[in-house]
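To start, the structure itself, in structure tokens.
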Amino acid sequence: MPELPEAETIARGLDSVLPGRVIAGVTVLRYDVVKGSAGGFADALRGRQFRSVGRRGKNVVFTFDGESRLVINLGMTGRILSGPGPGPARLATHPAVHFHLADGGCVTYDDIRRFGLLTFIPRAQWRAWSLRLGPEPLARSFTAMVLRKTLSRSRAPIRSLLLDQRKVAGVGNIYAVEALWFARIHPATPANVIGAGAVARLHRSVRKVLRRAIHAGGTTLRNYRNAEGDVGGFSRALHAYGRADKPCFRCRTPIERIVFGGRSAFFCPQCQAASP
DNA sequence: CATACGTCCTGCCAGC
DNA sequence: TGCTGGCAGGACGTAT
């Protein structure tokens, strides 16, 4: 579920409470969400002190003193819940990993479907790990020209390309669909036939949608919660995603749903002209 | 190399 | 009311 705005929201929440605190122990309840052996994972993290919590693409990145890192990809239903006593911890219906802190606190990784993955990254491997991902769409360096060059090299449907984390890091199905609606581009359009003007609109739309969603605290469609257990506020702001048969907010034409690449896309057949 | 597809897993909801 | 099929925000591995 969680895409860039959700990861950003979670990371900000954790960065305000975790730095300086120490992991006393790790309990792995569900082996399939950790990379490598559960024992090795726990051993690597025990005793580490948090320096900061940030984000790379959709991944929440915990940096420790010494610059080793814990990367959490939340998959579809992952949540990171932290807090003393009740409150957020009560939301942990499917706890997969507990991080017990030396001060008595606890951070719980909770994941219904267990598509998430927790990976320990030694300092020396960070650069290589990060390089597997494409540019950050909200970075200054992510210009329309950069996007245009990426699109020019691919015949894949633009919606599929936007989901490819090696091309752009952090965009998922919801925000890809939303950005294409704003840019008035049909989701199945081959990337390399999109003209310069449309690419510029798409560049603006992707950034606008992501920034707005971060501002709203993310999108909760099902079970997303931030680190404090709150739902996201962006659900009400969706223009195309999940609106099949409902009128387009621009032209009142019913929104259509199509499936390709194994997942749904939503678009306005009037505003988002069919691909050639 | 680029692209397409199946698979991992559980919960929920519409429809019968 | 109860059951069933379809669908879900992601990403990896493999096949072509």
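The first sequence runs 0 to 275 under numbering that gives the first Met the number 0. Don't be surprised by glycine CBs; every beta carbon is placed ideally from N, CA and C.
In this structure, how does DSSP classify Ile290 when only helix, strand and coil are distinguished?
Outside the displayed range of the chain (0 to 275) lies residue 290, so it cannot be described from this structure.
Taking Cβ positions, are Ser151 and Phe181 nearer each other than 8 Å?
If you check the CB distance, Ser151 and Phe181 do not come in under 8 Å.
If I'm right that Leu80 touches Gly228 with Cβ under 8 Å, what's the distance once you round it to whole angstroms?
6 Å between Cβ atoms; contact.
Under the DSSP definition of a beta bridge, which residues are partnered with Tyr174?
Partner(s): none; Tyr174 has no beta bridge.
Output needed for Asp110: all residues of its chain with C-beta closer than 8 Å, excluding positions within five of it in sequence on either side, in chain order.
Its chain contains Arg29, Val32, Leu73, Gly74, Thr76, Gly77, Arg78, His93 and Ala95 as the residues whose beta carbon lies nearer than 8 Å to that of Asp110, once the 5 sequence neighbours on both sides are disregarded; these appear in chain order.
Considering just the uninterrupted stretch of the beta strand (DSSP E) at Val145, what are its terminal residues?
Segment Ala143 to Ser151 is the alpha helix (DSSP H) holding Val145; no beta strand (DSSP E) there.
Pick helix, strand or coil for Asp229, following the three-state DSSP scheme.
In the structure shown, Asp229 sits in coil (DSSP, three-state: anything other than H, G, I, E or B).
Quick one: is Ser159 buried, meaning 16 or more other Cβ sit within 10 Å of its Cβ, or exposed?
With 16 or more other Cβ atoms within 10 Å, it is buried.
Which of the three DSSP states is assigned to Arg242 in this structure?
Annotated three-state conformation of Arg242 is coil, per DSSP.
Whole angstroms is fine: what's the gap from Pro246's alpha carbon to Leu44's?
The alpha-carbon atoms of Pro246 and Leu44 are separated by roughly 51 Å.
Give me the residue from Lys166, Arg89 and Ile193 with the minimum Cα distance to Gln271.
Nearest of Lys166, Arg89 and Ile193 to Gln271, Cα basis: Ile193.
Can you tell me which of the three DSSP states Ala187 falls into?
In the structure shown, Ala187 falls within a coil segment according to DSSP collapsed to helix, strand and coil.
Just the Cα atoms here: how many angstroms apart are Val198 and Thr107?
Going by C-alpha positions, Val198 is about 41 Å away from Thr107.
Could you give the residue range of the alpha helix (DSSP H) that holds Ile257?
Segment Glu255 to Phe259 is the beta strand (DSSP E) holding Ile257; no alpha helix (DSSP H) there.
Output the distance between the C-alpha atoms of Arg147 and Asn191, rounded to the nearest integer angstrom.
Rounded to whole angstroms, Arg147 to Asn191 spans 9 Å at the Cα level.
How big is the Cα-Cα spacing for His185 and Gly169?
Distance between His185 and Gly169, taken at the CA atoms: about 21 Å.
Short of 7 Å in beta carbon distance, which residues of its chain neighbour Ala91, apart from the five on each side in sequence? Order them along the chain.
Cβ within range, chain order: Leu80, Thr107 and Asp109.
Check this for me: beta carbons of Val16 and Leu100, under 8 Å apart or not?
For Val16 and Leu100, no; Cβs fall outside 8 Å.
Paired residues, beta bridge with Ile79 - DSSP:
Ile79 is bridged to Tyr108.
Euclidean distance between Cα positions of Asp64 and Cys105
So the two alpha carbons sit approximately 19 Å from each other.
Which one of Gly232, Arg200 and Leu201 has the shortest CA to CA distance from Ile213?
Answer by Cα proximity: Gly232.
With a cut-off of 8 Å on the beta carbons, I'd call Ile257 and Ala239 a contact; round off their distance for me.
Contact doesn't hold; Cβ gap of about 12 Å is too wide.
Straight-line CA distance for Gly115 to Asn58?
Spanning the two alpha carbons is a distance of roughly 10 Å.
Exposed or buried, what is Glu5 when buried is set at 16 or more other beta-carbons lying within 10 Å of its beta-carbon?
Around the Cβ of Glu5, a 10 Å sphere holds 16 or more other Cβ atoms; the residue is buried.
Tell me the rounded alpha-carbon separation between Arg126 and Cys250.
The C-alpha of Cys250 is placed about 46 Å away from the C-alpha of Arg126.
Exposed unless 16 or more other CB atoms sit within 10 angstroms - verdict on Thr252:
Here Thr252 is exposed: its Cβ has fewer than 16 other Cβ atoms, across all protein chains shown, within 10 Å.
Compare the Cα-Cα distances from Ala37 to each of Thr118, Arg122 and Arg113 and report the closest residue.
Closest by alpha carbon: Thr118.
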